[in-house]
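**Q** Sharing a structure here in structure tokens format.
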Amino acid sequence: MKYQHLFFDLDHTLWDFEANARATLLELYEKLDLKNKGVDDFDRFHKIYLDYNEELWERYRNGLIKQDELRFKRMWLSLLEFKIADEKLADEMNVRFLDLLPSRTILFPYTIEILTYLKEKSYQLHLITNGFEKTQYSKLHYSGLTGFFKEVITSEGSNSLKPNKEIFEFAFQKTGALPGQSIMIGDSI
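Below, the structure is given as structure tokens:
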């Protein structure tokens with residue numbers, strides 16, 4: 037049976053998380069004068085952040101930590117690597133990061149062209165994302181992707197996380213799609 041419903045992931049598939057995070061962290065690095073606070077190497081800070089972010093997301097996906105802990109600790113632990121134990125700074129960075137990041141618009145090459153082609157071919161395009169609902173909708177809005185997707189399924193809205201089957205069952209129910217007519221496209225499930 038021909039696929040009719042294409043379910044995409046957003047981060048690391050359409051929206052370039054690493055590039056957008058780098059631009060956001062660089063802006064924070066400069067505006068918060070992190071160099072003079074002890075973060076002497078931006079590239080090292082960026083890599084440390086990405087490593088902690090991935091580790092904490094894995095813990096979040098496995099139900100070991102909550103959203104607020106993930107958000108705070110990725111900044112806190114990154115700063116600790118530079119011997120900066122400043123909770124206020126970590127919190128400020130977290131708040132600003134969450135405010136700035138969703139407004140970034142760096143997509144992977146040919147994202148718009150591919151989505152346009154698929155929509156013109158009458159595929160039903162949807163998103164399934166573990167990202168936080170408010171953040172993901174902002175990313176879609178600012179990057180011009182909102183109009184491509186019939187349904188957006190988030191972990192918050194479905195009360196489940198990929199790769200748990202419940203998020204996919206929720207997606208099928210919400211979209212009316214059948215498993216045999218659907219495919220998931222992303223960097224990981």
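Just so you know, we're using my numbering here: the sequence shown kicks off at 37 and counts up by one. Ideal Cβ placement from N, Cα and C applies to all residues, glycine included.
In chain order, which continuous runs of the alpha helix (DSSP H) of length 4 or greater are located wholly inside the region 88 to 152?
**A** Listed in chain order, the complete alpha helix (DSSP H) runs (minimum 4 residues) inside the region 88 to 152 are 103 to 116 and 123 to 136.
**Q** Would you list the one or two residues that DSSP bridges to H41?
**A** In DSSP, H41 forms a bridge with Q160 and S218.
**Q** Could you check whether the region 133 to 141 touches the region 53 to 67, counting it as contact only if at least three pairs of C-beta atoms, one from each stretch, sit closer than 8 Å?
**A** Cβ pair count under 8 Å is three or more, so yes.
**Q** If you draw a straight line from the alpha carbon of F43 to that of K73, how long is it in whole angstroms?
**A** Whole-angstrom Cα-Cα distance: 43 Å.
**Q** Once you ignore the five residues that flank I219 on each side, which residues in its own chain have a CB closer than 8 Å to its CB?
**A** Result list for I219: Y39, H41, L42 and F43, in chain order.
**Q** What is the DSSP secondary structure of T49, reduced to helix, strand or coil?
**A** T49 falls in the coil class under three-state DSSP.
**Q** When burial is assigned at 16 or more other CB atoms within 10 Å of the CB, is Q103 buried or exposed?
**A** Looking at its Cβ environment, which holds fewer than 16 other Cβ atoms inside 10 Å, Q103 is exposed.
**Q** Please classify N195: is it buried, with 16 or more other beta-carbons within 10 angstroms of its beta-carbon, or exposed?
**A** Per the 10 Å Cβ criterion, exposed.
**Q** Provide the residue span of the alpha helix (DSSP H) that contains T171, from first to last.
**A** Counting along the chain, the alpha helix (DSSP H) containing T171 begins and ends at E169 to Y178.
**Q** State buried or exposed for T147, treating a residue as buried only when at least 16 other CB atoms are found within 10 Å of its CB.
**A** T147 comes out buried.
**Q** Under the rule that 16 or more other beta-carbon atoms within 10 Å means buried, what is L214, buried or exposed?
**A** When all chains shown are included, L214 counts as exposed.
**Q** Measure the C-alpha to C-alpha separation of L151 and K67 and round it to an integer number of angstroms.
**A** Cα to Cα, L151 sits roughly 36 Å from K67.
**Q** Tell me the rounded alpha-carbon separation between V75 and L197.
**A** One C-alpha to the other measures close to 34 Å.
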